[in-house]
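Notes to accompany the following structure.
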Amino acid sequence: MQLDDFYMARALALAERGRGRTSPNPMVGAVVVDAEGVVVGAGSHEIAGGPHAEVHALRAAGERARGATLYCTLEPCSHVGRTGPCAPLVADAGISRVVVAVEDPNPRVRGSGMALLRERGVQVAAGVCCEEARALNRPFFSVMLRHRPFVTMKVALSQDGFVGAAPGVRTALTGPAANRFVHRERAEVDAIAVGSGTVLCDDPLLTARGAYRHRPLTRIIFDTRLRTPAAAKVLSTLSAGPVIIVSTPSAAAGIPERLGPLRAAGADVLLVATSERADLPASEAEASSRDRPDHLRAAFELLAARGLSSVIVEGGVSLHRSLWASRLVDRVQMFRTPHVVGTGGVEWLPSLATGRGLAGVTATPLGADILIEGHVHWTD
Numbered sequence: 002m003q004l005d006d007f008y009m010a011r012a013l014a015l016a017e018r019g020r021g022r023t024s025p026n027p028m029v030g031a032v033v034v035d036a037e038g039v040v041v042g043a044g045s046h047e048i049a050g051g052p053h054a055e056v057h058a059l060r061a062a063g064e065r066a067r068g069a070t071l072y073c074t075l076e077p078c079s080h081v082g083r084t085g086p087c088a089p090l091v092a093d094a095g096i097s098r099v100v101v102a103v104e105d106p107n108p109r110v111r112g113s114g115m116a117l118l119r120e121r122g123v124q125v126a127a128g129v130c131c132e133e134a135r136a137l138n139r140p141f142f143s144v145m146l147r148h149r150p151f152v153t154m155k156v157a158l159s160q161d162g163f164v165g166a167a168p169g170v171r172t173a174l175t176g177p178a179a180n181r182f183v184h185r186e187r188a189e190v191d192a193i194a195v196g197s198g199t200v201l202c203d204d205p206l207l208t209a210r211g212a213y214r215h216r217p218l219t220r221i222i223f224d225t226r227l228r229t230p231a232a233a234k235v236l237s238t239l240s241a242g243p244v245i246i247v248s249t250p251s252a253a254a255g256i257p258e259r260l261g262p263l264r265a266a267g268a269d270v271l272l273v274a275t276s277e278r279a280d281l282p283a284s285e286a287e288a289s290s291r292d293r294p295d296h297l298r299a300a301f302e303l304l305a306a307r308g309l310s311s312v313i314v315e316g317g318v319s320l321h322r323s324l325w326a327s328r329l330v331d332r333v334q335m336f337r338t339p340h341v342v343g344t345g346g347v348e349w350l351p352s353l354a355t356g357r358g359l360a361g362v363t364a365t366p367l368g369a370d371i372l373i374e375g376h377v378h379w380t381d
């Protein structure tokens with residue numbers, strides 16, 4: 002029905018109000034419409050741990066909820082978490098019909114909320130604006146279905162396709178408009194990540210600047226050789242959020258003199274086991290472990306268990322190539338810039354730089370730069 006689409010679109014717009022505030026919970030919007038087509042209640046999930054969208058909408062509607070239709074961008078929950086279940090509240094309010102955009106992928110719900118409503122005599126319709134609702138909460142669906150965060154791989158490329166002038170040389174490519182966009186994105190996601198090479202080369206702060214952030218920002222450094230200096234600038238910004246260094250037990254055992262200073266500087270060192278190759282010396286096995294799919298996948302699963310649903314990986318090339326080879330990338334953001342690097346430049350992923358392998362590719366001008374963005378749909 003066109004009217005269902007209309008009201009669900011309104012609920013989706015309401016859900017957007019929770020962007021950057023609700024993780025690890027999803028963004029959800031709800032609208033209550035009476036028999037005459039009048040919106041008598043509306044609400045959104047505003048902050049993790051706070052009342053759900055349905056609660057806000059039903060409170061606003063009051064007695065006018067009886068006999069009305071509730072439009073909700075995600076299936077009303079049926080379990081007790083930090084708040085009580087919503088499905089019984091909906092039925093108790095006298096709602097006669099519930100229109101759901103998409104089933105909740107949480108195993109603790111997954112259809113049980115709609116089943117409860119039907120058992121209580123409420124008419125239920127599902128699938129209205131389903132794709133839009135899934136796109137709104139890609140990180141939540143990723144954690145629930147794949148047990149890892151939604152991963153965005155971000156890169157800045159010169160006009161001739163390079164990420165830097167030479168290995169280990171810091172090369173600024175993007176302009177002010179693109180930089181503002183990057184910091185707005187940092188203000189919304191759960192975490193940003195880099196490899197240890199980026200820390201050694203750029204010594205970045207990895208903070209969201211010029212954009213308000215409601216929650217602490219987690220910074221992740223993938224460092225299987227514990228090369229991150231204890232004096233790295235990012236470790237001076239712990240007031241902005243935690244810094245997690247992902248390494249391995251063998252690195253911690255082999256170079257313990259690097260582990261203590263990092264922890265003393267405030268780093269949370271996460272040791273992720275890898276399946277070491279017995280035919281390699283320890284140093285070579287350790288150096289190659291960062292390219293192993295099992296190490297990266299296990300690391301992301303542990304990060305998801307810590308409540309991180311979305312991660313932007315900002316560099317460098319080795320980490321990007323490993324993530325791509327491990328099929329752990331969900332979205333790609335390429336900032337194409339007018340700068341020309343010339344001979345000796347550092348290549349990224351040449352085939353991907355053309356946009357091949359991406360779906361729903363868009364191009365957005367940002368000053369002199371262009372953001373090329375697309376999603377990845379792996380077929381396993």
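In my numbering, the protein residues as written are 2 to 381. Every residue, glycine too, gets a C-beta built ideally from N, C-alpha and C.
Determine, using beta-carbon pairs with one atom in the segment 190 to 199 and one in the segment 366 to 375, whether at least three such pairs fall under 8 angstroms. Proximity of the segment 190 to 199 to the segment 366 to 375 falls short of the contact definition, fewer than three beta-carbon pairs being nearer than 8 angstroms.
If you check the beta carbons only, do Ile246 and Leu206 fall under 8 angstroms apart? No, they are not a contact pair.
Straight-line Cα distance separating Val129 from Ser352: Rounded to the nearest angstrom, the gap between the Cα atoms of Ser352 and Val129 is 37 angstroms.
Delimiting residues of the alpha helix (DSSP H) encompassing Asp5: Segment Gln3 to Ala16, the alpha helix (DSSP H) holding Asp5.
With 16 other Cβ atoms within 10 Å as the buried cut-off, status of Val39: With a 10 Å radius around the Cβ and a threshold of 16 neighbouring Cβ atoms, Val39 comes out exposed.
Completely contained beta strand (DSSP E) runs for the segment 94 to 156, where each covers 3 or more residues: The segment 94 to 156 contains these whole beta strand (DSSP E) runs: 98 to 101 and 124 to 127.
Looking at C-alpha atoms only, which residue of Arg332, Gly345, Gln160 and Leu350 is the closest neighbour of Val1? The shown model of the chain, from 2 to 381, leaves out residue 1, and the question about it has no answer.
Simplified DSSP assignment, three categories, for Cys78: The answer is coil: DSSP assigns Cys78 none of H, G, I, E or B.
Please identify the residue among Thr355, Glu17 and Arg298 whose C-alpha is closest to the C-alpha of Glu133. If we check each option's Cα against that of Glu133, Glu17 comes out closest.
Given a threshold of 16 other Cβ atoms within 10 Å of its Cβ, counted over all protein chains shown, does Gln334 qualify as buried or as exposed? By the neighbour-count rule (16 or more Cβ atoms within 10 Å), Gln334 is buried.
On the premise that Gly68 lies in contact with Ala36, defined as a C-beta separation below 8 angstroms, what is that separation, rounded to the nearest angstrom? About 6 angstroms separates the two Cβ atoms, so the contact holds.
I'd like the ranges of any alpha helix (DSSP H) spanning at least 4 consecutive residues and lying wholly in the segment 179 to 249. Counting only runs that start and end inside the segment 179 to 249, the alpha helix (DSSP H) elements of at least 4 residues fall at 197 to 203.
Please identify the residue among Cys73, Asp331, Trp379 and Glu315 whose C-alpha is closest to the C-alpha of Leu158. Measuring from the Cα of Leu158, the nearest candidate turns out to be Glu315.
Do Val273 and Leu303 have their C-beta atoms within less than 8 angstroms of each other? Yes, these two residues count as a Cβ contact at 8 angstroms.
So, for Gly317: in the same chain, excluding its five sequence neighbours on each side, which residues have a beta-carbon less than 6 angstroms away from its beta-carbon? Counting only Cβ-Cβ distances below 6 angstroms, and skipping sequence neighbours, we find Gly196, Gly198 and Thr199.
DSSP on Thr363, reduced to helix/strand/coil? In the structure shown, Thr363 adopts extended strand secondary structure according to DSSP, grouped into three states.
To the nearest angstrom, how far is it from the Cα of Val342 to the Cα of Leu174? Leu174 has its alpha-carbon roughly 9 angstroms from the corresponding atom of Val342.
Just how far apart, CA to CA, sit Ser24 and Pro243? In this model, Ser24 and Pro243 are separated by some 16 angstroms (Cα to Cα).
Within 10 angstroms of the Cβ of Ser240, are there 16 or more other Cβ atoms? Answer buried if so, exposed if not. Flag for Ser240 reads exposed.
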